[in-house]
Amino acid sequence: MDDFEVGSAEAKIVVAATISPTQAQVILSKTTAYLNPTSIPYISGAHVTIAYDDTIVTLHEDSVGYYSLEQQFESQKMYSLSITIGDNFITAESYMPPCVRWDSCSVKLSEYNSWYEFPDSLGKIYEVLAYVTDPVESANYYRKEVYKNDTIYSKETTDDSYFNGQTVQLETLMGFFKEDDIVKIYLKSIDKQAFEYYNTLALSNSSSGMFAAPDNPKSNLQGDALGRFYAYTVDSVIVRFK
Amino acid sequence: MKHILFILNFLLVSLSISAQQFTISGVVKDANSGEFLVGASVTIVGTTNGAFTNTSGAYSISVKQGSYKLEYSYLGYETAVVDIVVSANVKKNVRLTQAAMKIDKVVVTSVARDHNVISTELGAQTVSIQTVKIVPVLFGENDVLKTLQLMPGVKSAGEGGSGYYVRGGGSDQNLILLDDAPIYNASHMMGMFSVFNSDAIGDAKLYKGSMSAEYGGRLSSVLDVDIREGDKENYHGQGGIGTISSRFEVEGPIRKGKSSFLVAGRRTYADIFLKMARDTSLHSTKLHFFDVNYKFVNDIDENDKLSLSGYIGRDVFKFRDMFGMAGGNITATGSWLHLFSKQWKLQSSFVYSYFDSDMDMQMSMLDANLQSGITEFNWKEDAVYRNENNIVHIGGNVGYHRFSPGKLTTSMLEQPIIMEKRNALEMNVYADNSQTINDWLKVQYGLRFSNFMGLGAATFYDYNQEHEIIDSTIYKKGEVINYYPNLEPRLSVNYRINAESSIKAAYTRTCQFVHLIQSSTVSMPTDYWMPSTNKTKPQTCSQLSLGYFRNFKENSYETSAEIYYKNMQNQIDYENGANLFLNSNLEAYLLYGHSRSYGVELYAKKNVGNFTGWVSYTLSKTEKQFEGLNSGKWYPVRYDRTHDFSIVAMYAFSERLQASATWVYSTGDAVTYPSGKYLVDGEYVSYYTERNGYRMPAYHRMDVGVTYTQEKKGRFESQWSFSVYNVYNRKNAYMIYFEPVDEETPDVLQAVKITLFPIIPSIAWNFSF
């Protein structure tokens, strides 16, 4: 299109930080042009720490812009992230909720296989349903990530406001699967701020014309940076198709 | 209270009439059908004294003893001049014959030619149904709302759609009345077509600036549409077969000269073709809408008239047995008009309006059903008094609204999700006078006292900054939750410079107690209405407007220039990430702010001759300011189109052959697009710096049409109508998205536009008998 173009804003620091029961990982980079990006400018030489209880640990830069630390991090604790890049100081806090596990998972051939004569190369349509019992006493926030043969297949973030304390069919997956396909369904328990980040992120990428104006996702970072920091616990089910 | 007494006092003073006045009154009818002519002009030749016939065709003029020449005129009809000697009250009924010249069909208004100059109306626009039938439109489906979009100050809500914005107001700020019944969703097929069937309705009038205190309830405009009355003398009908739909209308007397009926229906038939599809699974797919308008009138005696009218329409979309959407409006209006005297009349109306929408999904792994709706009952009284220099409206209404925002039943959940129903009572009283002070000064002033009450049973919540419920209040059934009184003063002044020009100024305050929760700019089944609550205050608007009106060559050319400034308070928007869908706690995510709109509207119209039409241009700016959006800075609304230009041209080659063309141009919508991107979780995230800081490419389009009327056979007349939408196939951008330039470098993107409608020809065959 020649009668439309987007401009390029000044580059900003980007923080992608997570903490799981076994690892803390922080990736630091900068924004790039929307249409014609340069290669991602990663930020080296930052000082990155995580604090919990009375402990402060420092993350090591494994490769340019990638900082990590492998150790046990307990759930039901608050974790504080601090990043110093030159004069910039960025902080964030996140709570690691207790792990909510999948109850059960069912797999069946779909009745939609009979609709058309789909080519065999696609495989068959299966319906994969996974259930969870939501803890009644707390507000819970979930992030589901589905991988098919180690490639991200779908992801979704939800809270329990519609089903607090109920047993629900939380994952409803339908698609073509073949013999030896492996589907992994992860259930991450996250805190409210992480939920809000992903919830607002889903809207921010809709470049569609008629819906409400998109905006930057809601971040829990303090300081002049984009991105997020969240702690999570995780459970998974693995389905191998025969 | 002091103010109300003052205004009532002022009204009463104005009402006092001098002695030795007599009245000339009567009705004006179509000589052929006996139909009352509404808005016909009755003028005493050589003076400005005169009147327009009301909705019952009746007029009344006060004069002193003497002999007079009265001129009865109505566009499309031969003007009649009658000599009358007045020594007592005189009753004079007049029948006007339709003008032989077919060209008069191409007029834009049906009121007196110099109405624009002499009335106090500022920012009022009349769309004649004849024009609606000639102006070329998408798929050849005539649509009063689409013709309206060609007027100054009115902007289309989207390509091909029937939604509109008036002077910077939202699409939910337009009151659309069909025989006094509010239409909550005036569109079919998610906004593509309006609910108005051109066969069933009369002229439509839009008030975007000054308005009588009789009107209220919406912030930005009132569109008043009446269903036509059936012919009381002869049976006849009309209809047509078009590209999208077919229509049929029939009308006639029930008791000759006394009572009549009119029934008009439409149905689209895309799905009828699906039944012919080879794939039998498509046979159960449905995609259509239908609507029916009806009106029954009965003249009980000279002073009393009863009517019952209404609308029933429904959209049905069903894909196999898997997914379905349905929705529609039902309205009914019962009204009784009683003439107490030559000066007083009273119209009592009982109105019912219902709108619902329903979504259904049935699949093996999940089924779901979503319902929402709104019901309104309204009782309205409008007393009208007129004498030589005043037309006074005094009245009021009581309305009960019931909002059902949504209910979702699904197999995935043990219990359905139900959003609590809301009840509300609206009570309004008003007084309004249109007063001729002297030959050069006319004023219209009024006051509307609107009252809103939210009623239980209901539970309301208080939220903290984190959107968490911190407190709740439970209201019992019938208990008053909140009460919002509002005074809405209206003032309009017409200073007549000479016979062909005037200057007008107006101040209008309006108030709105309902809020549309809408996730996009098109009408969706998930949209719903909610009433004002303790947290969500009624919307208010103050508007100032000023206009210069000038006609040329004995009113055959009309021109006007208007400027306006509008300030709207208690506007709502949503916090980033607000879930609008079945969210009982949505109020926690609502943001409150204000908006302003100002602009210049220029309009020039040619009324008579073989060549008729108009040019309209609007230069305007509409902005919003919300704490928490765009860093609290003003930002343009999406439909802030700086320049908006339309040309409508109609040419009659002969009595049988007419051609028409329209051209529209507008600045592109203000939209939000990223100014950078960054990587998180292995995926790019867009980086936004400014709300609605970018512009879509400019929009322009030309449509043309030709109608050819075949020779009449007996009473039967038919007409072919050809039209081409987007004749030079302009690829207007409906949406812009980004995609990789090539597969090897997926990070490098290019902007790609989606065009909704290319060049689209259509054909229709219409008939009447």
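As they're listed, the protein sequences go chains A and B. At position 56 of the first sequence the residue is numbered 47 (our numbering), and the sequence of numbers has no breaks. At position 612 of the second sequence the residue is numbered 617 (our numbering), and the sequence of numbers has no breaks. Beta carbons are placed, not taken as given, at the ideal position from N, Cα and C, and that holds for glycine. Treat the numbers as computed from the prediction; the structure is a model and nothing was measured.
Taking the straight line between their C-alpha atoms, what separation do you get for Tyr122/A and Ser227/A?
As a working note, residue 122/A is residue 131 in the first sequence. As a working note, residue 227/A is residue 236 in the first sequence. Rounded to the nearest angstrom, the two C-alpha atoms are 12 Å apart.
With burial defined as no fewer than 16 other Cβ atoms inside 10 Å of the residue's Cβ, what is the status of Val127/A: buried or exposed?
Within the first sequence, the letter at position 136 stands for residue 127/A. Looking at its Cβ environment, which holds fewer than 16 other Cβ atoms inside 10 Å, Val127/A is exposed.
Ends of the beta strand (DSSP E) at Gln130/B?
Walking along the second sequence from the start, residue 130/B turns up at place 125. Residues Ala129 to Val132.
Please classify Ala504/B as buried or exposed, where buried requires at least 16 neighbouring CB atoms within 10 angstroms.
Here residue 504/B refers to the residue found at position 499 of the second sequence. Looking at its Cβ environment, which holds fewer than 16 other Cβ atoms inside 10 Å, Ala504/B is exposed.
When you compare the CB of Asp752/B with every CB in chain A, is at least one pair closer than 8 Å?
By 1-based counting over the second sequence, the position of residue 752/B is 747. Chain A contact via Cβ: present.
Chain A partners of Met417/B, CB-CB under 7 Å?
Numbered from 1 along the second sequence, position 412 holds the residue referred to as residue 417/B. The contacting residues are Val159 and Gln160.
For a contact defined as C-beta to C-beta under 7 Å, what are the partners of Phe80/A on chain B?
Position 89 of the first sequence, counted from the first residue, corresponds to residue 80/A. Under the 7 Å cutoff, chain B gives no residues; its nearest Cβ is about 19 Å from Phe80/A.
Identity of the residue in Ser251/B, Ile577/B and Val227/B nearest Arg272/B by Cα
Taking the first residue of the second sequence as position 1, residue 272/B is located at position 267. Of the candidates Ser251/B, Ile577/B and Val227/B, the one whose C-alpha sits nearest the C-alpha of Arg272/B is Ser251/B.
Using a Cβ cut-off of 7 Å, pull out every chain B residue sitting near Tyr153/A, in sequence order please.
To locate residue 153/A, count along the first sequence from 1; it is residue 162. Those within 7 Å of Tyr153/A in chain B are Leu418 and Ile422.
Give me the Cα-Cα distance between Phe253/B and Gly245/B, rounded to the nearest whole angstrom.
Position 248 of the second sequence, counted from the start, is the residue given in the question as residue 253/B. Position 240 of the second sequence, counted from the start, is the residue given in the question as residue 245/B. So the two alpha carbons sit approximately 7 Å from each other.
For Glu234/A: DSSP bridge partner residues
The question about residue 234/A has no answer here: the residues shown for chain A are numbered -8 through 233.
Under 7 Å by beta carbon: chain A residues contacting Pro641/B
Taking the first residue of the second sequence as 1, we reach residue 641/B at position 636. Result: empty, since nearest Cβ-Cβ is about 10 Å, beyond 7 Å.
Grab the span of the alpha helix (DSSP H) containing Lys151/B for me, first residue to last.
Here residue 151/B corresponds to residue number 146 of the second sequence, with the count starting at 1. That run of the alpha helix (DSSP H) goes Val149 to Leu153.
Since Thr623/B sits in a beta bridge, which residues does DSSP pair it with?
The count along the second sequence starts at 1 and reaches residue 623/B at position 618. Note: Thr623/B sits in a beta bridge opposite Glu606/B and Asp649/B.
Beta strand (DSSP E) containing Val98/A: first to last residue?
For this step, residue 98/A is matched to residue 107 along the first sequence. Where Val98/A is concerned, the enclosing beta strand (DSSP E) stretches over Trp93 to Leu100.
Top-ranked residue by Cα proximity to Val519/B, from Ser176/B, Val91/B and Asp148/B
Numbered from 1 along the second sequence, position 514 holds the residue referred to as residue 519/B. Ranking Ser176/B, Val91/B and Asp148/B by Cα distance to Val519/B puts Ser176/B first.
Whose Cβ in chain A lies nearer than 8 Å to the Cβ of Ser680/B?
Residue 680/B sits at position 675 when you count from the first residue of the second sequence. Under the 8 Å cutoff, chain A gives Val(-3), Gly(-2), Ser(-1), Ala0 and Tyr25.
Residue closest to Ala218/B, alpha-carbon to alpha-carbon, out of His398/B, Gly247/B and Ile206/B:
In the second sequence, residue 218/B corresponds to position 213, counting from 1. Minimum Cα distance to Ala218/B is reached at His398/B.
Cβ separation of Val43/B and Asn59/B, assumed to be a contact under 8 Å, to the nearest whole Å:
As a working mapping, residue 43/B is identified with position 38 in the second sequence. As a working mapping, residue 59/B is identified with position 54 in the second sequence. So it is a contact: roughly 7 Å between Cβ atoms.
What does the Cβ neighbour count give for Gln135/B, buried or exposed, with the cut at 16 atoms within 10 Å?
As a first step, residue 135/B must be located in the second sequence, where it is residue number 130. Burial call: buried.
Contact belief for Ala37/A with Thr75/A at Cβ below 8 Å, rounded distance in angstroms:
Taking the first residue of the first sequence as position 1, residue 37/A is located at position 46. Taking the first residue of the first sequence as position 1, residue 75/A is located at position 84. About 6 Å separates the two Cβ atoms, so the contact holds.
Nonlocal neighbours in the same chain, by C-beta distance under 6 Å from Thr102/B, ignoring five residues either side
Locating residue 102/B in the second sequence gives position 97, where the first residue counts as 1. Closer than 6 Å at the Cβ level, and outside the excluded window around Thr102/B, lie Ala36 and Glu83.
To the nearest angstrom, report how far apart Tyr138/A and Ile176/A are at their CA atoms.
Position 147 of the first sequence, counted from the start, is the residue given in the question as residue 138/A. Position 185 of the first sequence, counted from the start, is the residue given in the question as residue 176/A. Their Cα atoms are separated by approximately 7 Å.
Taking the DSSP output, what are the residues bridged to Asn731/B?
In the second sequence, residue 731/B corresponds to position 726, counting from 1. Looking at the DSSP assignment, Asn731/B forms no beta bridge with any residue, so it has no partner.
Cutoff 8 Å: Ile176/A Cβ touching any chain B Cβ
To locate residue 176/A, count along the first sequence from 1; it is residue 185. Not closer than 8 Å to any Cβ of chain B, the Cβ of Ile176/A fails to qualify, so no.
I want to check one thing, is the minimum distance from the CB of Glu567/B to the heavy atoms of the ligand MN below 7 Å?
By its list of ligands, the structure shown contains no ligand whatsoever, and the ligand MN lies outside what it can speak to.
Distance cutoff 8 Å, beta carbons only. Does Gly218/A sit that close to anything in chain B?
Translated into the one-based positions of the first sequence, residue 218/A becomes position 227. It does: the Cβ of Gly218/A has a partner Cβ on chain B nearer than 8 Å.
Sequence-distant residues of its chain with Cβ nearer than 8 Å to Arg700/B (five each side left out)
Position 695 of the second sequence holds residue 700/B. Only Thr672, Gly673, Asp674, Ala675 and Val676 meet the Cβ criterion.
Specify, as a first and last residue, the run of the beta strand (DSSP E) that Val434/B falls within.
Within the second sequence, the letter at position 429 stands for residue 434/B. Looking at the DSSP string, the run of the beta strand (DSSP E) that includes Val434/B is Arg427 to Asn443.
Just the C-alpha distance for Thr248/B and Ile768/B, rounded to the nearest angstrom, thanks.
Numbered from its first residue, the second sequence carries residue 248/B at position 243. Numbered from its first residue, the second sequence carries residue 768/B at position 763. Using only the alpha carbons, I get a separation of about 6 Å.
Nearest to Asp686/B (by Cα), restricted to the options Met(-8)/A, Ala83/A, Val5/A and Asn211/A
Counting from 1 along the second sequence, the entry for residue 686/B is found at position 681. If we check each option's Cα against that of Asp686/B, Val5/A comes out closest.
Determine the extent of the beta strand (DSSP E) in which Ile568/B is found, giving its start and end residues.
Taking the second sequence and counting its residues from 1, one reaches residue 568/B at position 563. From DSSP, the beta strand (DSSP E) with Ile568/B extends over Tyr562 to Tyr579.
Candidates Ile49/B, Gln574/B and Ile188/B, of which the one nearest Pro543/B by Cα:
Taking the second sequence and counting its residues from 1, the one referred to as residue 543/B is at position 538. Considering only alpha carbons, the answer is Gln574/B.
Using beta carbons (cut-off 8 Å, strictly below), is Ile76/A in contact with chain B?
What you label residue 76/A is simply residue 85 of the first sequence in a count that begins at 1. Output row for Ile76/A: interface = no.
Find the residues of chain A that neighbour Thr694/B, judging by a C-beta separation of less than 7 Å, and give them in chain order.
Within the second sequence, numbered from 1, the residue matching residue 694/B stands at position 689. In chain order: Ala0.
When burial is assigned at 16 or more other CB atoms within 10 Å of the CB, is Phe168/A buried or exposed?
Mapped onto the first sequence, residue 168/A falls at position 177. Label assigned to Phe168/A: buried.
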